[in-house]
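> Numbering (my numbering), first residue to last: 26 to 183.
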C-alpha cells in the first residue's frame, strides 16, 4: 500500500467514526425530542381538562337569601351571585308555622334566576314573629342537577 492509499484509508475510517458518533448523538437527541413532545402533549391535555373544569365551575349559580326592611316594608331577597343561571328556584321556610311570605305563591318557583339578579318576596312580620328563620332554597343547575342549601336569616340583617 502506498502512502496515499494509507492516508485515504485513514481519512475514510476517520469519516466513518465521525459519522457513527453523529448518528448515535442524533438518535439520542431524537429520543429526547420525542420524550419532550410526549410530555408537552400530556401537559396540553391537562391544561384543556383544567380549562373545561374551570368553565363548568364558572357557570355554577351561587344563591343566597336575606331579609331587607325598607321603611315599614320587609322583603325576603333571593340573590344569585354566581355566574350561571339557576332554574326552578324555590324557597321553603323550615319549622315556621306562621309564614310571613305574602307574594311567594305568585313568584315561586322562579323559572330562571340569571347571574347577578334577585327575586324580592314581600314579607309581613308582626310583633310575635320570630327574629330568625331557617330557609331552604332549592334550584336546578344548567346541566339539570338539583341543588339545595339551608340558610339562617335574621330580620335585623341588612
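Glycine included, C-beta positions come from ideal geometry on N, C-alpha and C.
Based on Cα-Cα distance, which residue from 161, 111 and 128 lies nearest to residue 147?
In the chain shown, the residue the question calls residue 147 occupies position 122. Among 161, 111 and 128, the Cα nearest to that of residue 147 is on 128.
> Checking the sheet assignment: what are the DSSP bridge partners for residue 150?
In the chain shown, the residue the question calls residue 150 occupies position 125. Note: residue 150 sits in no beta bridge, so no partner.
> Thinking residue 100 and residue 106 are a contact (beta carbons under 8 angstroms), I'd like their distance in whole angstroms, please.
Locating residue 100 in the chain shown gives position 75, counting from the first residue. Locating residue 106 in the chain shown gives position 81, counting from the first residue. The Cβ separation is near 17 angstroms, so there is no contact.
> Roughly how many whole angstroms lie between the Cα atoms of residue 52 and residue 61?
If you number the chain shown from 1, residue 52 lands on position 27. If you number the chain shown from 1, residue 61 lands on position 36. Spanning the two alpha carbons is a distance of roughly 14 angstroms.
> Taking all protein chains shown into account, decide if residue 29 is buried (16 or more other Cβ within 10 angstroms of its Cβ) or exposed.
Start at 1 with the first residue of the chain shown, and residue 29 comes out as number 4. Classification of residue 29: exposed, given that the 10 Å Cβ count is below 16.
> Measure the beta-carbon distance from residue 114 to residue 103 and round it to whole angstroms, keeping in mind my assumption that it falls under 8 angstroms.
Taking the first residue of the chain shown as 1, we reach residue 114 at position 89. Taking the first residue of the chain shown as 1, we reach residue 103 at position 78. Confirmed, Cβ separation roughly 6 angstroms.
> Please name the residue or residues paired with residue 143 in a DSSP beta bridge.
Translated into positions along the chain shown, residue 143 becomes position 118. According to DSSP, residue 143 bridges with 104.
> Bridge partners for residue 163 per DSSP, in chain order?
Within the chain shown, numbered from 1, the residue matching residue 163 stands at position 138. Looking at the DSSP assignment, residue 163 forms a beta bridge with 115 and 173.
> Quick test of your reading: residue 160 and residue 90, contact by CB under 8 angstroms. State the CB separation rounded to the nearest angstrom.
Residue 160 sits at position 135 when you count from the first residue of the chain shown. Residue 90 sits at position 65 when you count from the first residue of the chain shown. Yes, they are in contact, since the Cβ atoms of residue 160 and residue 90 sit about 5 angstroms apart, within 8 angstroms.
> Checking 9 angstroms against the spacing of the C-beta atoms, do residue 165 and residue 174 come in under that value?
Residue mapping note: residue 165 aligns to position 140 of the chain shown, counting from 1. Residue mapping note: residue 174 aligns to position 149 of the chain shown, counting from 1. No. Outside cutoff.
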